[in-house]
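S.K.: I'd like to ask some things about the structure below.
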Amino acid sequence: MYVIDPGKLKRRRKSLGLSQMQVAVLSKCTQQYVSLLESGRDSDCSEDIAIRICRTLQVELEDYFEARPIIRNSAIATPSRGTGNGNAA
Numbered sequence: 001m002y003v004i005d006p007g008k009l010k011r012r013r014k015s016l017g018l019s020q021m022q023v024a025v026l027s028k029c030t031q032q033y034v035s036l037l038e039s040g041r042d043s044d045c046s047e048d049i050a051i052r053i054c055r056t057l058q059v060e061l062e063d064y065f066e067a068r069p070i071i072r073n074s075a076i077a078t079p080s081r082g083t084g085n086g087n088a089a
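Note that the sequence shown covers residues 1 to 89 in full-length UniProt numbering.
Dropping the structure here:
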């Protein structure tokens, strides 16, 4: 998951009068991680941590975090097996 608007996350924390450390303790993560989220430098937050942070900030998950789309590319070339002439070796 990723933070939709890192500034919004920071503003919410500050509006509750919480420090990054307080959010971290209540959300069971580190202050450094809260800082990464608020600065937009973390692009792959686990859903579990996102849920805990949203509970701490008393907000809805979907208002602050969004799931990363799963990208599947079937056009990626893969090496052929066998002799290369279509006949089994």
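Note that the Cβ used here is the ideal one computed from N, Cα and C, for glycine as well.
(1) Terminal residues of the continuous alpha helix (DSSP H) containing V59?
(2) Measuring only the C-alpha atoms, how far is K8 from F65?
(3) CA-CA distance, E60 and R13?
(4) Under 7 Å: does the beta carbon of S19 sit that close to some heavy atom of the ligand ATP?
(5) Would you call the CB atoms of Q31 and M21 closer than 8 Å?
M.R.: On the basis of the coordinates in this document:
(1) Following the DSSP letters along the chain, one finds V59 in no alpha helix (DSSP H), marked with neither H nor E.
(2) Cα to Cα, K8 sits roughly 11 Å from F65.
(3) Each residue's alpha carbon lies about 14 Å from the other.
(4) The ligand ATP is not part of the structure shown, which contains no ligands of any sort.
(5) At a Cβ-Cβ threshold of 8 Å, Q31 and M21 count as neighbours.
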